[in-house]
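Asks:
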Amino acid sequence: MSLDPATVRRIARLARIGIDESDLQALQGELNGILGWIEQLNEVDIDGVEPMVGTGHAALRMRDDMVTDGDARDAVLSNAPDAAGPFYTVPKVVE
Numbered sequence: 001m002s003l004d005p006a007t008v009r010r011i012a013r014l015a016r017i018g019i020d021e022s023d024l025q026a027l028q029g030e031l032n033g034i035l036g037w038i039e040q041l042n043e044v045d046i047d048g049v050e051p052m053v054g055t056g057h058a059a060l061r062m063r064d065d066m067v068t069d070g071d072a073r074d075a076v077l078s079n080a081p082d083a084a085g086p087f088y089t090v091p092k093v094v095e
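Take the sequence shown: its position 94, counting from 1, is numbered 94 in this note's numbering, and each next residue is one higher.
Here it is as structure tokens:
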């Protein structure tokens, strides 16, 4: 399969990619190379090959569901430019 310049322009427009006419030939070559690689992959015989691990085969690891606060309040507040007690102090934005 080979893309013509009109198809490359249409693909670029659909992808909302602005291309110059000078870049059209280079983009056409790159897209044709990608499509050629896909055609090569379609020729591979995969009959009888079981799929590798996918979402249906993997099991989630379980852990206890415990709520923690991180216990790092002082470390977090040490990054604040200004703090009042256990809170960040920020400039007033609404009068």
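A virtual CB, placed ideally from N, CA and C, is assigned to each residue, including glycine.
Determine the direct distance from the alpha carbon of ARG63 to that of ALA91, and round the result to whole angstroms.
Replies: If you number the sequence shown from 1, residue 91 lands on position 91. If you number the sequence shown from 1, residue 63 lands on position 63. It should be pointed out that residue 91 corresponds to Pro in this sequence rather than to Ala. Their Cα atoms are separated by approximately 41 Å.
Asks: Helix, strand or coil: how does DSSP classify ALA26 here?
Replies: In the sequence shown, residue 26 corresponds to position 26, counting from 1. Reduced to three states, the DSSP call for ALA26 is helix.
Asks: In chain order, what residues of the same chain have a beta carbon less than 8 Å from the beta carbon of LEU31, not counting five sequence neighbours either side?
Replies: Reading the sequence shown from its first residue, position 31 is the one you call residue 31. Excluding positions up to five away in sequence, the list reads LEU3, VAL8, ILE11.
Asks: What separation, rounded to the nearest whole angstrom, lies between the Cα atoms of ASN42 and GLU50?
Replies: Translated into positions along the sequence shown, residue 42 becomes position 42. Translated into positions along the sequence shown, residue 50 becomes position 50. Roughly 17 Å separates the two Cα atoms.
Asks: Pick helix, strand or coil for ALA80, following the three-state DSSP scheme.
Replies: Numbered from its first residue, the sequence shown carries residue 80 at position 80. Note: ALA80 maps to coil in three-state DSSP.
Asks: Alpha carbon to alpha carbon, how far is VAL93 from VAL76? Give it in angstroms, no decimals.
Replies: Numbered from its first residue, the sequence shown carries residue 76 at position 76. Numbered from its first residue, the sequence shown carries residue 93 at position 93. For VAL76 and VAL93, the distance between alpha carbons rounds to 23 Å.
Asks: Determine the contact status of PRO81 and ARG73, defining contact as a CB-CB distance below 8 Å.
Replies: Along the sequence shown, read from residue 1 onward, the residue named residue 81 stands at position 81. Along the sequence shown, read from residue 1 onward, the residue named residue 73 stands at position 73. No, Cβ-Cβ distance for PRO81 and ARG73 is not below 8 Å.
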